Amino acid sequence: KQDLDLALEIKNSHLYVLLSSLPALPLASRSKTSSSFTESLPVLSLHIIVSREIAVSLGGNYGDPVCHYSYSCLTYKQHSELCWISNLRIEMHVQLALLALGAFSVTAQSPGCQLLGTAVMPSFSQEGQITLGGVFFLHGETGGKENQFTVKPTSMDCQGVNFREFRLAQTMIFAIEEINNRTDILPGVTLGYKIYDTCASVTFSVRSAMALMNSYEEMRSDTLCSRSAAIKAIIGESSSTNTIAIATSVGPFHIPVPPRYLCVFELQEKYSNFFRTIPSDYYQSRALAQLVKHFGWTWVGAVRSDNDYGNSGMATFVEAANQEGICIEYSVKFHRTEPEKLLKVIDTIERGTAKVVVAFLTVLEMYYFLEQLTLQNITGFQMVGTEAWITGSHLATPSSYRILGGSIGFAVTGAKISDNAFLKDFWETAFQCSLSKEDNSRYTKPCTGSESLTELKNQYTDTSEIRITNNVYKSVHATAYSLHNQLECTPHKGCAKNLNIEPWQVLDALKKVNFTLRTGERVFFDGNGDPAAKYEVVNWQLGPNGAVEFKAVGYYDATLPPGQQFVMSPVDMAWAGGQKQKPTSVCSESCPSGTRKAVRRGKPVCCYDCVPCAEGEISNKTDSNDCIPCDLEYWSNEKRDRCVLKTVEFLSFEEVMGIVLVIFSLFGTCLTVLVAVVFLAHKNTPIVRANNSELSFLLLFSLTLCFLCSLTFIGRPSQWSCMLRHTAFGVTFVLCISCVLGKTIVVLMAFRATLPGSNVMKWFGPPQQRLTVLAFTLIQVLICVLWLTLSPPFPNKNMKYYKDKVILECDVGSAVGFWAVLGYIGLLSLMCFVLAFLARKLPDNFNEAKFITFSMLIFCAVWITFIPAYVSSPGKFTVAVEIFAILASSFGLLFCIFVPKCYIILLKPELNSRKSLRGNMSARVLKS
């Protein structure tokens, strides 16, 4: 009683199973091991169309939830929103209630099992030992009033013959008849068919699926309603939504559904009974992104059908486009029953800046879309289409070519298949005449009987583009081969197994099918129930006779390795509006090499500014996202498109500074040699002998070496030149300063030796002088040897001072060794300066102390200023400072010590006498 009350309450809530449209809901028997009566009852598996309110209220209103279901809703013809409840599982007390309700509807005296509702007759049928089902929308629309689902729905009429679908239905008939006439496929087995017209309606599609499962007999002789399905497979619909409804209805009974034109890739995940002979939209969507990228279009618009086909396909395309660097300016959708949305879509396209539009539309939506584009005279857009409409011959007219001319897209591969007979409705629609004398005919002109099919030109007779026709052909053959394998048939011998097989067995066999058609095309399914993804790239072009042709300009084959899947043929193409020039569709122009893209704030990544690369960075291709930094030894050129070797800088003999320094060095050398020649020519004169000629010649020799060693600092540094220049400099300068120091000591000792009782000169004679110079020099030699042994100087590429230059210099290696050499020279110079300063009041004619003082003063001044200049000067200027210090100190010594003597020797020879030197010395002694 409670169950019956609950059932009546559900009935009063307007929960109506559409019995008038859905014949005889089948019961799937399920027995359990328990002996309980309730456990042995069958479980009712329903697919019910209700309103959203009913669907939402089915669970949780009566204590524990009694229903476990899932539902999805759709808008039907803009008026009523229907909900599709799938996998509705009702517990035992609700089963009893619904069965009780069924008892009220069926007369108790009715014998056996009777169908509820009116039986639906197929449009085409032929008996056979095994029957295949087919659903096609042979008519394009339904007539009559809208069903509100509050009362028993009235029957609806179908209007407008769809020539293409009619041709597809005839293709199925042709394929079945061909198989029946063959002996290598299902020998001895006759295939039959039942083909229903869905009128492009979801309701009619479900009704057709139910009718195919239950057959159309009004009465059954048996007393049980449960039996095997009347058909073994259903060749599915073109529409995604309709095929989902069919797959949902027959899914619990494991009836395979190989649709001939459906691409929505999520279906295999939801419906294990779903197969297709056309590739999944997953591949097409990604291939479309590659196609758009191939032509350099990075700024596109997107239009899609507001159904499963358009929404799922466009979602994959958007994802793939983002991976390819393509930006979507807008993505809009509409349904053919929503003219307001269509007008908004047209307005969005017209206001957009993208010149390329990707149209993921069904052929019906494309028809309305094209109609609005034509009415509003919107041209100049490059259309990129899908296989649903790109080869639609009814769209390709001379008037539409102005809008869609040059369209490019993917089409499934085709084949050559013949057509079959026709129907009365087809004849009337094709020739726009009436075969009936009734007044309710759509056409008033009567048919004469002289109409000729040879002169008929429509989608039925057009065999130039039969790509989808080929898929119907493949679907039938795939089902036949699965039956052939399941029944273990062999040619000319028949089939080994009984013909009473279940649909689920056909489903399992269909997963393993692998065969080759007579056309040479191989047919098989992967783990997802998909065939190999192969497309032709089709371009709308005008033929020689002015008719629109779908010219194949390339192909896409997903079975090929990555990078080789998409291939364009070297053929001429037509573009938007039939133009020969490829259009451009970018948000920003390409950034040339030497620049990078900087995305504008708040804009997609395809909208950017071109920013020049920074110094030391390059971009060697267009549209670079980032600039590439050059390697350490390279630098960017002026155009910032190539890394070039940095300029290597060192003090060379060819540049002006190097030439000037070489001239001064050679001039100093020559001048020193000239002084030595003068001294050598006058070596017996008093002034030469009085100033220790041996030390003078040794000093002149060391000065010559000092001038020459400056040349080792000029030129490209090498391992040997780096070691030579610093050690030669250190040793020669110590030799020079040691000689000056020896001359200073000689002057001091000579003056003291003239005093009464002094015997100092015997302790500082020539042997002691030579030993002193040798000792001081050996110390410097020892320092240099240690320096070269422990951490010698080496050539180094200095990149710290300049970004665009490499300074090739000699690294000192050990800073301690370098400053030890300089420090030792400075120490000797200081000692020499102090001693010379102490001897500054000795007699003029007999004294060099004053000149030595000046020379040491210059020497110390030069090298004191050298230190900060050396440390702060970059690059080759460091070497120039060091050479300048060598030359300046050498010239100071040469001029201060030897020029006065040369002046006397050459210009004042009368002063170069013993008498003159002694006289002045005696006068100076007495004066002191």
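Residue numbers (the working numbering): 8 to 935. Beta carbons are placed, not taken as given, at the ideal position from N, Cα and C, and that holds for glycine. A quick note: this is a predicted structure, and the numbers were derived from the prediction, not measured.
Run through the DSSP bridge pairs and tell me what residue i is partnered with.
i: residue 796; result: In DSSP, residue 796 forms no bridge with anything.
i: residue 529; result: 523
i: residue 4; result: The shown model of the chain, from 8 to 935, leaves out residue 4, and the question about it has no answer.
i: residue 453; result: 441
i: residue 582; result: 586
i: residue 546; result: 415, 558
i: residue 367; result: 311
i: residue 605; result: 616
i: residue 574; result: 562
i: residue 379; result: Paired residue(s): none; residue 379 is not in a bridge.
i: residue 166; result: 148
i: residue 242; result: 141
i: residue 788; result: The partner list for residue 788 (beta bridge, DSSP) is empty, contrary to what the question assumes.
i: residue 502; result: 496
i: residue 306; result: 334
i: residue 541; result: 564
From which residue to which residue does the alpha helix (DSSP H) around residue i run?
i: residue 1; result: Outside the displayed span of the chain (8 to 935) sits residue 1, for which this structure offers no information.
i: residue 221; result: 209 to 221
i: residue 357; result: 346 to 358
i: residue 187; result: 170 to 187
i: residue 701; result: 700 to 716
i: residue 809; result: Looking at the DSSP string, residue 809 is not in any alpha helix (DSSP H), and its letter there is neither H nor E.
i: residue 288; result: 288 to 301
i: residue 916; result: Taken as a continuous stretch (DSSP letters only), residue 916 belongs to no alpha helix (DSSP H), as it is neither H nor E.
i: residue 513; result: 510 to 518
Between the beta-carbon of residue i and the beta-carbon of residue j, is there less than 8 Å?
i: residue 794; j: residue 828; result: yes
i: residue 250; j: residue 258; result: no
i: residue 817; j: residue 738; result: no
i: residue 209; j: residue 252; result: yes
i: residue 630; j: residue 604; result: yes
i: residue 168; j: residue 198; result: no
i: residue 592; j: residue 307; result: yes
i: residue 136; j: residue 506; result: yes
i: residue 899; j: residue 859; result: no
i: residue 175; j: residue 393; result: no
i: residue 547; j: residue 414; result: yes
i: residue 861; j: residue 892; result: no
i: residue 799; j: residue 724; result: no
i: residue 598; j: residue 617; result: yes
i: residue 712; j: residue 683; result: no
i: residue 217; j: residue 237; result: no
Tell me where the beta strand (DSSP E) around residue i begins and ends.
i: residue 1; result: This structure cannot speak to residue 1, because the chain is shown only from 8 to 935.
i: residue 336; result: 334 to 341
i: residue 812; result: 812 to 818
i: residue 138; result: 137 to 143
i: residue 390; result: 389 to 392
i: residue 615; result: 615 to 619
i: residue 804; result: 801 to 805
State the CB to CB distance for the pair residue i and residue j, rounded to an integer number of angstroms; the pair is presumed to be in contact (CB under 8 Å).
i: residue 139; j: residue 200; result: 5 Å
i: residue 517; j: residue 485; result: 7 Å
i: residue 370; j: residue 333; result: That belief does not hold up - the Cβ atoms of residue 370 and residue 333 are roughly 25 Å apart, past 8 Å.
i: residue 293; j: residue 323; result: 7 Å
i: residue 746; j: residue 709; result: 6 Å
i: residue 642; j: residue 651; result: 6 Å
i: residue 944; j: residue 339; result: Residue 944 cannot be examined here, being either before or after the span of the chain that is shown, 8 to 935.
i: residue 831; j: residue 787; result: 6 Å
i: residue 375; j: residue 349; result: 6 Å
i: residue 397; j: residue 353; result: At roughly 20 Å, the Cβ-Cβ gap does not stay under 8 Å, so residue 397 and residue 353 are not in contact.
Practice prompt. Would you list, in sequence order, the uninterrupted beta strand (DSSP E) runs of no fewer than 3 residues that lie entirely inside the region 819 to 885?
Written response: At a cut-off of 3 residues, not a single continuous stretch assigned as beta strand (DSSP E) sits fully inside the region 819 to 885.
Worksheet item: Mind pulling the alpha helix (DSSP H) runs of 4 or more residues that sit fully within the region 612 to 690?
Response: Secondary structure remark: continuous alpha helix (DSSP H) runs of at least 4 residues inside the region 612 to 690, in chain order: 663 to 688.
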